[in-house]
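Participant: Mind having a look at this structure? Questions to follow.
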Amino acid sequence: MGLIAELNGLQARHGYLRDTDMKELAGRLRLPLYRLQEVASFYPHFRATPPPRVEILLCRDLCCFLAGGERWNAKVKELLKGQPDTEVREVSCLGRCEKAPAALVNGQAVGGESAERIAELSRKPEPPASREPAPERRWRLDPYDTGSEPFSVARGLGADRADEGMATLKAAGLKGMGGAGFSTGLKWEIVRKEGAAPKYVICNADESEPGTFKDRVILEELPHLVIEGMCIAATVVGARRGWIYLRHEYEHVCLALERAMDRARSLGLLGRDFDVEIFLSPGGYIMGEETALLEALEEKRGEPRNKPPFPGTRGLWGKPTLVNNVETLAMIPVILKRGADWWKAQGVRGHHGLKVMAVSGHVARPGVYEIGLGTTVAELIEMAGGVSGGRRLKAFTPGGASSNFLPAEQVHVEIDFASIQAAGSMLGSGALVVIAEGTEMLSLAANVARFFRNESCGKCVPCRVGTEKVVKMLDDILAGNGNGVLLEILPGLEETLALTSICGLGQVALNPLTSVLRHWPEEVKRHLARSQKL
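Going by my numbering, the first residue of the sequence shown is number 261, and it counts up by one from there.
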């Protein structure tokens with residue numbers, strides 16, 4: 261068991277990392293105590309003090325903000341003010357955006373409830389509820405929905421057919437569904453051609469961006485496809501070990517994953533030539549960056565690495581490492597079973613393939629939707645019941661908090677990597693956040709800026725200082741104390757972060773704000789005019 265797993269275990273047993281346990285662990289692992297403290301102090305999940313009897317974590321980010329979370333959070337805090345042995349604090353996105361506003365009450369996810377209900381749960385904590393049964397839906401990406409035996413694709417793909425699997429994947433043109441949209445076939449080929457050994461396969465399940473929750477649903481409903489995708493990847497690239505890097509707020513999916521792993525093990529797919537284990541992340545949003553994730557697996561602080569080298573050539577412990585996200589791996593079995601032509605035919609309007617989208621914000625039926633690439637944003641909003649409350653659409657983000665806000669006039673853009681990019685945004689993590697008329701866009705931009713400020717690891721100065729500076733200026737403007745300095749320095753600041761930040765967080769942190777300035781300049785001018793009158 262590694263250092264972080266040991267720390268997770270200590271906290272699970274005692275509720276926090278006790279000094280005596282840290283010293284005992286340091287001695288047992290033959291590590292200096294400062295090394296343990298260096299790691300533990302980086303990750304937000306670890307506590308250095310005893311926990312209260314009741315701990316309530318309130319989401320403060322984009323989708324919960326749209327659902328009135330600011331007022332809701334304030335009311336929860338007021339209702340619980342003075343309640344003994346109770347801690348209430350705001351945290352970053354909990355990955356329950358479809359049930360906003362969301363909270364964790366002693367680790368139990370609660371969404372869409374009244375503030376009074378949260379207060380009631382704090383006084384009479386209920387045992388963790390069993391997960392709601394999955395909705396009855398047929399997934400096109402599940403090749404076993406007709407009752408055929410799961411894992412049959414991986415069982416039929418021996419090492420002697422790895423070339424065939426690689427060729428099918430490349431012909432299908434599957435792109436990575438975690439954000440970058442890089443060719444999956446090319447990524448696999450890079451690792452496959454590397455001569456160094458051993459090789460590793462990692463499933464990135466650290467989905468933490470506001471608006472994004474589709475990977476959680478895939479893990480809940482289709483865990484067998486994720487495990488099978490990892491088995492196929494291992495066969496093709498020649499890997500011997502794999503990890504599912506899972507955010508700790510998604511710990512409830514461990515049971516489903518372990519059952520799928522047990523099934524794969526009983527079929528001989530796991531155990532001898534390749535095996536998988538779950539790594540429970542104690543970290544925040546930055547851990548979704550693939551090299552930060554590798555640092556955590558190596559028992560270090562989860563700070564992104566300089567690239568190159570990339571993980572495909574020098575990844576975990578300096579060895580070739582394939583890192584794919586949950587959705588990408590879950591799509592592998594159906595592509596290999598039904599072929600590249602079938603996969604391409606699932607798209608519409610000349611686009612190829614399927615996409616799983618998380619839809620949240622001001623829609624009647626927020627949730628996860630499986631679509632053909634090329635479906636328009638307008639069509640997807642209609643699938644989700646339209647804009648809630650009969651309101652008109654004002655704006656949307658097609659790829660979560662890091663993608664640029666787009667105005668309603670662009671709602672007919674086709675959902676595809678290239679089309680969204682041409683429209684001035686990015687498909688990113690596949691999270692459509694719908695924003696109705698009456699929403700103040702500068703406040704949304706400030707909310708997103710705070711998220712990136714809060715989640716910056718602080719390693720590089722431009723990101724650490726730049727995000728803090730922008731948040732301070734936005735807060736001043738919204739409070740009526742601002743001036744036009746932000747508008748003057750923003751272009752240069754955005755360029756500095758984009759060129760000098762080590763990872764994607766700093767590179768995109770200001771994009772949502774610049775998109776608001778571009779599409780809704782009158783709102784910014786109105787706030788500045790109000791400041792000048794005061």
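Even glycine gets a Cβ: it sits at the ideal position worked out from N, Cα and C. Bear in mind the structure is a predicted one, so any value in this text is a computation, not a measurement.
1. Distance check for residue 597 and residue 408, CA to CA, integer angstroms please.
2. By DSSP, does residue 794 sit in helix, in strand, or in coil?
3. Between the segment 328-344 and the segment 714-731, can you find at least three pairs of beta-carbon atoms closer than 8 Å?
4. Identify which residue in 345, 343, 358, 333 has its Cα closest to the Cα of residue 351.
5. Can you list the alpha helix (DSSP H) stretches of 4 or more residues lying completely in the segment 275-325, in chain order?
6. Specify, as a first and last residue, the run of the alpha helix (DSSP H) that residue 701 falls within.
7. Determine the burial state of residue 457: buried for a count of at least 16 other Cβ atoms within 10 Å of its Cβ, exposed for fewer.
8. Buried or exposed for residue 268, please, with buried defined as at least 16 other CB atoms from any protein chain shown within 10 angstroms of its CB.
9. Just mark residue 583 as buried or exposed, buried being the case when its beta carbon has 16 or more other beta carbons within 10 Å.
10. Which of the three DSSP states, helix, strand or coil, is assigned to residue 648?
11. Specify whether the segment 746-755 and the segment 667-683 touch according to this definition: at least 3 beta carbon pairs, one from each stretch, less than 8 Å apart.
12. In the DSSP output, which residue or residues are listed as bridge partners for residue 730?
13. If contact is defined by three or more beta carbon pairs under 8 Å, each pair taking one atom from either stretch, is the segment 526-546 in contact with the segment 481-496?
14. Under a Cβ-count criterion, where at least 16 other Cβ atoms within 10 Å of its own Cβ denotes burial, should residue 320 be classed as buried or exposed?
15. Check for me: the beta strand (DSSP E) holding residue 503 runs from which residue to which?
16. Determine which residues share a DSSP beta bridge with residue 349 and list them.
17. What is the rounded straight-line gap between the Cα of residue 362 and the Cα of residue 279?
18. Which residues bound the beta strand (DSSP E) around residue 461?
19. Assign residue 622 to one of two classes, buried (16 or more other C-beta atoms within 10 Å of its C-beta) or exposed (fewer than that).
20. What did DSSP end up calling residue 362 once you bin it into helix, strand or coil?
21. Say whether the segment 298-317 touches the segment 540-547, bearing in mind that this needs 3 or more beta-carbon pairs closer than 8 Å, one atom from each stretch.
22. Where in the segment 413-492 do unbroken runs of the alpha helix (DSSP H), each at least 4 residues long, occur, reported from the N-terminal end onward?
23. Roughly how many angstroms lie between the CA atoms of residue 433 and residue 693, to the nearest whole one?
24. Considering only the alpha carbon of each residue, which of 318, 383, 783, 633 lies closest to residue 364?
25. Quick one: using the 10 Å Cβ neighbour count with 16 as the cut-off for buried, is residue 794 buried or exposed?
26. First and last residue of the beta strand (DSSP E) that includes residue 581?
27. With a cut-off of 8 Å, does the C-beta of residue 476 fall near any C-beta of chain B?
28. If distances are taken between C-alpha atoms only, which option among 705, 482, 746, 316 comes closest to residue 776?
29. Thinking residue 410 and residue 523 are a contact (beta carbons under 8 Å), I'd like their distance in whole angstroms, please.
30. Would DSSP call residue 404 helix, strand or coil?
31. Among all the DSSP beta bridges, which residues are the ones paired with residue 653?
32. Flag this pair as yes or no: are the beta carbons of residue 691 and residue 654 separated by less than 8 Å?
33. What are the complete alpha helix (DSSP H) segments, minimum 4 residues, inside the segment 749-786?
34. Are three or more beta carbon pairs between the segment 623-631 and the segment 640-657 nearer than 8 Å?
35. How close, in whole Å, do the beta carbons of residue 516 and residue 480 come, if the pair is a contact with beta carbons under 8 Å?
Facilitator: The relevant details are as follows:
1. Here residue 408 refers to the residue found at position 148 of the sequence shown. Here residue 597 refers to the residue found at position 337 of the sequence shown. When rounded, the distance between both Cα atoms is 12 Å.
2. Working through the sequence shown from its first residue, we reach residue 794 at position 534. Because residue 794 sits at a pLDDT of 47, beneath the cut-off of 50, its placement in the model cannot be relied upon, and the point is left open.
3. no
4. Translated into the one-based positions of the sequence shown, residue 351 becomes position 91. Of the candidates 345, 343, 358, 333, the one whose C-alpha sits nearest the C-alpha of residue 351 is 333.
5. 279-289, 293-300
6. To locate residue 701, count along the sequence shown from 1; it is residue 441. Note, residue 701: alpha helix (DSSP H), 701-715.
7. By 1-based counting over the sequence shown, the position of residue 457 is 197. With fewer than 16 Cβ atoms within 10 Å of its Cβ, residue 457 is classed as exposed.
8. Along the sequence shown, read from residue 1 onward, the residue named residue 268 stands at position 8. Buried, because 16 or more other Cβ atoms sit within 10 Å of the Cβ of residue 268.
9. Start at 1 with the first residue of the sequence shown, and residue 583 comes out as number 323. Residue 583 is buried by the Cβ-count criterion.
10. The residue given as residue 648 occupies position 388 in the sequence shown. Reduced to three states, the DSSP call for residue 648 is helix.
11. no
12. Counting from one through the sequence shown, the residue named residue 730 turns up at place 470. The partner list for residue 730 (beta bridge, DSSP) is empty, contrary to what the question assumes.
13. yes
14. Here residue 320 corresponds to residue number 60 of the sequence shown, with the count starting at 1. So residue 320 counts as buried.
15. The sequence position of residue 503 within the sequence shown is 243, counting from 1. Here the beta strand (DSSP E) through residue 503 covers 501-507.
16. Looking up residue 349 in the sequence shown gives position 89. 317, per the DSSP bridge assignment.
17. Here residue 362 refers to the residue found at position 102 of the sequence shown. Here residue 279 refers to the residue found at position 19 of the sequence shown. The straight-line gap from Cα to Cα measures roughly 33 Å.
18. One-based indexing of the sequence shown puts residue 461 at position 201. Here the beta strand (DSSP E) through residue 461 covers 460-465.
19. Taking the sequence shown and counting its residues from 1, one reaches residue 622 at position 362. Classification of residue 622: buried, given that the 10 Å Cβ count is 16 or more.
20. Translated into positions along the sequence shown, residue 362 becomes position 102. Of the three classes helix, strand and coil, the one that applies to residue 362 here is strand, per DSSP.
21. yes
22. 422-432, 444-453, 474-481
23. The sequence position of residue 433 within the sequence shown is 173, counting from 1. The sequence position of residue 693 within the sequence shown is 433, counting from 1. Cα to Cα, the separation comes out at about 27 Å.
24. If you number the sequence shown from 1, residue 364 lands on position 104. Per the Cα distances, 318.
25. For the purposes of this step, residue 794 is taken as residue 534 along the sequence shown, with counting starting at 1. At residue 794 the pLDDT is 47, less than 50, meaning the model places this residue with poor confidence and gives no usable figure here.
26. For the purposes of this step, residue 581 is identified with residue 321 of the sequence shown, where counting begins at 1. Unbroken beta strand (DSSP E) run through residue 581: 581-585.
27. The chain labelled as chain B is not found in the depicted structure, where only one protein chain is given.
28. Locating residue 776 in the sequence shown gives position 516, counting from the first residue. Taking only the C-alpha atoms, the option nearest residue 776 is 705.
29. Taking the first residue of the sequence shown as 1, we reach residue 410 at position 150. Taking the first residue of the sequence shown as 1, we reach residue 523 at position 263. With a Cβ gap of about 7 Å, residue 410 and residue 523 count as contacting.
30. Indexing the sequence shown from 1 puts residue 404 at position 144. Reduced to three states, the DSSP call for residue 404 is coil.
31. Your numbering for residue 653 matches position 393 in the sequence shown. Answer is 696.
32. Your numbering for residue 691 matches position 431 in the sequence shown. Your numbering for residue 654 matches position 394 in the sequence shown. No; because the gap between Cβ atoms is not below 8 Å, this pair is not in contact.
33. 764-768, 771-779
34. yes
35. Here the question's residue 516 lines up with position 256 in the sequence shown. Here the question's residue 480 lines up with position 220 in the sequence shown. About 6 Å; that satisfies the 8 Å criterion.
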